[in-house]
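Data block below; observations after.
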Amino acid sequence: MLSPGQMNHTVMANHSAQSMPHPPVQSHSSDHCSPQEKVNTVSPGPPQTHLPSAGVTFNLMPGPYASQEATSMCVNTKLKRPCNCTKSQCLKLYCECFANGEVCKNCKCINCFNNTEHEAERCQAIKVCLDRTPGAFQPKIGSRKQGNVKGHHTKGCNCRRSGCLKNYCECYEANIMCTSTCKCVGCRNYEESPKKKSSAQDVPVSVVYYPIRSPLTGITPDVVEATCSCLLAKAEDAEKEGYILPHAEKMILEEFGQCMTQIVQSIFKSTNVQLNCQA
DNA sequence: GAGTTTGAAACT
DNA sequence: CAGTTTCAAACTC
Ligand SMILES: [Zn+2]
Ligand SMILES: [Zn+2]
Ligand SMILES: [Zn+2]
Ligand SMILES: [Zn+2]
Ligand SMILES: [Zn+2]
Ligand SMILES: [Zn+2]
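The opening position of the first sequence corresponds to residue 1 in UniProt numbering, with each subsequent residue numbered one higher.
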């Protein structure tokens with residue numbers, strides 16, 4: 001799992017809605033459709049992140065690191081895999097093209113409506129999906145491209161029979177480890193180097209014998225990121241104020257203590273365990 | 001290529 | 001929300 005050292009250099013606020021496959025954004029007239037989530041115009045206050053299941057608010061410090069984002073990403077270099085849909089008209093999230101907010105091209109789909117010739121239907125379908133799940137069309141793999149926090153599946157997988165070691169598993173397919181966000185059973189995708197391309201020391205995925213599920217169920221990747229953000233913000237505060245190192249260390253440690261307290265409380269809260277009460 | 005397995009998405 | 005069905009891809013032979 002995540003060793004404390006991995007938290008050190010990390011950080012970034014969770015600016016989720018940032019880059020979409022198709023730039024043409026349009027929020028006013030809803031008839032120009034793009035798989036864009038309706039942006040809740042956030043008040044221009046300081047960015048914050050809420051810890052799940054606890055009303056905790058972390059102050060995040062965007063800082064100069066925000067601009068480092070998206071340096072290596074080329075614009076449209078990724079080649080889209082053609083789909084083979086037959087019954088969804090490529091207008092449901094079953095279709096990979098549609099789910100990626102893209103139009104079918106060079107696909108082998110049948111009765112495809114996911115093209116400019118069926119703009120109306122496509123637009124309506126996007127609306128339906130967005131209405132059902134506002135987070136649809138958001139990238140499933142959330143990863144701040146900096147620091148040591150690995151990417152993670154924002155919803156987690158629910159695998160039962162693959163051990164999360166086959167491409168059926170979205171985590172494994174994305175070459176990322178399963179996290180406490182996942183609800184998989186018999187997961188083996190929590191060790192280092194999932195899906196290492198070459199040296200596949202394939203341990204047979206038996207149904208009978210599985211190692212222990214990863215613990216730390218309350219410490220989701222989002223929580224880790226939020227915590228790291230807090231610590232870095234504190235560090236930068238100290239640096240800006242010109243404190244001597246021991247003082248800065250003390251500040252950071254105290255911040256960490258507060259983070260931990262909040263995390264523990266949130267876990268207790270979600271487990272219906274009181275602080276003063278024996279489990 | 002046909003047939004099976006799998007888990008997300010859709011549906012009830 | 002949970003249980004079920006549908007779906008397209010991953011996988012097997
Ligand atoms: Zn399709
Ligand atoms: Zn397609
Ligand atoms: Zn299509
Ligand atoms: Zn999985
Ligand atoms: Zn997973
Ligand atoms: Zn897993």
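Idealized CB from N, CA, C, for every residue including glycine.
Taking just the CA atoms, how far does L231 sit from L253?
Here residue 253 refers to the residue found at position 253 when the first sequence is read from its first residue. Here residue 231 refers to the residue found at position 231 when the first sequence is read from its first residue. Rounded to the nearest angstrom, the two C-alpha atoms are 8 Å apart.
Is the distance from the Cβ of S88 to the Cβ of C95 below 8 Å?
Taking the first residue of the first sequence as 1, we reach residue 88 at position 88. Taking the first residue of the first sequence as 1, we reach residue 95 at position 95. Contact flag set, yes.
Between which two residues does the alpha helix (DSSP H) carrying V224 extend?
What you label residue 224 is simply residue 224 of the first sequence in a count that begins at 1. Here the alpha helix (DSSP H) through V224 covers 221 to 241.
Secondary structure of G257, DSSP reduced to three states
Residue mapping note: residue 257 aligns to position 257 of the first sequence, counting from 1. G257: helix per DSSP, three-state reduction.
Sheet register partners of I141 (DSSP bridge):
Locating residue 141 in the first sequence gives position 141, counting from the first residue. For I141, which the question treats as bridged, DSSP gives the partners H153.
Here's a check: name, in chain order, each residue in its chain whose Cβ is nearer than 6 Å to the Cβ of C159, leaving out the five neighbours to either side.
Numbered from its first residue, the first sequence carries residue 159 at position 159. C169, C184, listed in sequence order.
From I110 to C164, what distance separates their C-alpha atoms?
Position 110 of the first sequence, counting from 1, holds the residue named residue 110. Position 164 of the first sequence, counting from 1, holds the residue named residue 164. Approximately 31 Å, taken between the alpha carbons.
In the DSSP assignment, find the unbroken alpha helix (DSSP H) run with V128 in it and report its ends.
If you number the first sequence from 1, residue 128 lands on position 128. In the DSSP assignment, V128 falls within the unbroken alpha helix (DSSP H) covering 119 to 132.
Consider the C-beta atom of H247 and the heavy atoms of ligand 7; say whether any pair is separated by less than 7 Å.
The model depicted lacks ligand 7 and carries ligand 1, ligand 2, ligand 3, ligand 4, ligand 5 and ligand 6 instead.
Using only the alpha-carbon positions, how far apart do T41 and F256 sit?
Working through the first sequence from its first residue, we reach residue 41 at position 41. Working through the first sequence from its first residue, we reach residue 256 at position 256. For T41, the pLDDT reaches just 45, beneath the cut-off of 50, and the residue's location in the model is therefore unreliable, although a value from the coordinates is still provided. Our two residues, T41 and F256, have alpha carbons roughly 31 Å apart in a direct line.
Selected residue, minimal CA-CA separation from V233, among T220, M251, L245:
The residue you call residue 233 lines up with position 233 of the first sequence. One point to set straight first is that residue 233 is Ala, not Val, in the sequence displayed. When each option's Cα is compared against that of A233, the closest is M251.
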